[in-house]
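To start, the structure under review is shown below, and the notes come after it.
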Amino acid sequence: MRSFRLFVFALAIGVTGLIPSVARAQNPVASWQDSWYWGAYGGQTQFPTSIATTTAPTIGIDWVITRTRFALNVFAEQSYFNAVSTIPDYPSSAPRRVDLTDMRRVGFTAMVFTPSWRMIKPYVGGGFAFNFIKEATPQGSFYTTPGARDTVLKRVNNARTAGKLFGDVGVMAMLGRFAPFVQYTIMPTQGTSSWFINGDGFTTIWKAGVRVNFGTSVEKKW
Numbered sequence: 027m028r029s030f031r032l033f034v035f036a037l038a039i040g041v042t043g044l045i046p047s048v049a050r051a052q053n054p055v056a057s058w059q060d061s062w063y064w065g066a067y068g069g070q071t072q073f074p075t076s077i078a079t080t081t082a083p084t085i086g087i088d089w090v091i092t093r094t095r096f097a098l099n100v101f102a103e104q105s106y107f108n109a110v111s112t113i114p115d116y117p118s119s120a121p122r123r124v125d126l127t128d129m130r131r132v133g134f135t136a137m138v139f140t141p142s143w144r145m146i147k148p149y150v151g152g153g154f155a156f157n158f159i160k161e162a163t164p165q166g167s168f169y170t171t172p173g174a175r176d177t178v179l180k181r182v183n184n185a186r187t188a189g190k191l192f193g194d195v196g197v198m199a200m201l202g203r204f205a206p207f208v209q210y211t212i213m214p215t216q217g218t219s220s221w222f223i224n225g226d227g228f229t230t231i232w233k234a235g236v237r238v239n240f241g242t243s244v245e246k247k248w
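Given below as structure tokens:
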């Protein structure tokens with residue numbers, strides 16, 4: 027996975043260095059409007075659990091449909107980690123530790139572009155994501171009864187998934203068909219007792235990659 031991250035970053039740098047002639051030959055504002063982009067990126071996700079804070083490498087893809095000042099972003103990504111959180115045991119309320127592996131996020135963002143500076147287009151956004159812990163395994167094999175074991179396993183399964191609102195801030199560089207970008211995401215997770223990402227604070231995600239314009243999205247503007 028580290029090699030994939032390096033590939034994405036190298037691709038973004040390569041596009042920045044190798045496409046200036048294309049950028050000069052095209053109007054970046056005109057090519058930006060009413061278009062659709064596919065993108066790939068790498069970065070890292072940092073999140074707290076009730077045990078510790080974890081920093082995890084992250085890769086993903088996204089799809090952006092643009093208008094004049096607005097865009098819709100649909101994305102899918104995965105973070106790679108091994109972490110530990112807790113779930114209330116049964117019948118007591120004492121915490122039982124749970125081993126966690128990897129997280130997948132699928133969601134969408136409404137993007138609003140602020141005034142451009144030359145080829146640079148800053149933006150802010152807000153969206154919603156479904157967050158899935160890939161694997162969650164409770165530690166220990168002792169349960170007071172088979173029913174207690176089933177209750178704990180049900181709690182573990184329910185705590186693997188959560189839907190969350192989040193906010194973005196980012197910037198894209200319009201280089202003809204190519205748009206290298208950097209983005210920072212913050213997702214409130216403090217006090218989330220029904221989800222494994224349940225520590226004090228926020229989940230934060232930064233990503234860097236490149237989006238490629240594959241053509242016009244509509245015939246007329248909003």
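For what it's worth, this note's numbering labels the leading residue of the sequence shown as 27, then goes sequentially.
Every residue, glycine too, gets a C-beta built ideally from N, C-alpha and C.
Just so we're clear, the structure is a prediction, and the values are computed from it rather than from any experiment.
Taking only three categories from DSSP, how would you classify residue 135? Strand.
Excluding the five sequence neighbours on either side, which residues of its own chain have a C-beta within less than 8 Å of the C-beta of residue 75, listed in chain order? Residues of the same chain with a CB within less than 8 Å of the CB of residue 75, apart from the 5 flanking positions on each side, are 109, 110, 111, 112, 126, 222, 223, 224, 225 in chain order.
Residues near residue 100 by beta carbon distance below 7 Å, same chain, minus five either side: Its chain contains 88, 89, 134 as the residues whose beta carbon lies nearer than 7 Å to that of residue 100, once the 5 sequence neighbours on both sides are disregarded; these appear in chain order.
Find the nearest neighbour of residue 193 within the set 69, 81, 86, 213, judged by alpha-carbon distance. That would be 213, whose Cα lies nearest to the Cα of residue 193.
Straight-line gap, residue 216 to residue 118 (C-alpha atoms, nearest Å): Taking the straight line joining both Cα atoms gives about 23 Å.
Between the Cα of residue 186 and those of 97, 162, 240, spot the shortest distance and give me the residue it belongs to. The shortest C-alpha separation from residue 186 is found at 162.
Please state whether the Cβ-Cβ distance between residue 94 and residue 59 is less than 7 Å. At the C-beta level, residue 94 and residue 59 come within 7 Å of one another.
Are residue 122 and residue 115 closer than 7 Å when you measure CB to CB? Yes. Within cutoff.
Integer-rounded CB distance, given that residue 104 should sit under 8 Å from residue 254: Since the first and last residues shown for the chain are 27 and 248, residue 254 lies out of range.
Is the CB-CB distance between residue 188 and residue 157 below 7 Å? Taking a C-beta distance under 7 Å as the contact criterion, residue 188 and residue 157 qualify as a contact pair.
List the DSSP bridge partners of residue 67. Paired residues: 86, 235.
What are the start and end residues of the beta strand (DSSP E) that includes residue 152? Looking at the DSSP string, the run of the beta strand (DSSP E) that includes residue 152 is 146-164.
Sequence-distant residues of its chain with Cβ nearer than 8 Å to residue 220 (five each side left out): Cβ neighbours of residue 220 beyond the five flanking positions: 184, 185, 188.
If contacts are defined as beta-carbon pairs under 8 Å, then residue 209 and residue 233 qualify, I think. What distance do you get, rounded to the angstrom? Distance from residue 209 to residue 233 at the Cβ level is roughly 5 Å; contact confirmed, criterion being Cβ atoms closer than 8 Å.
Tell me the DSSP bridge mates of residue 214? According to DSSP, residue 214 shares a beta bridge with 228.
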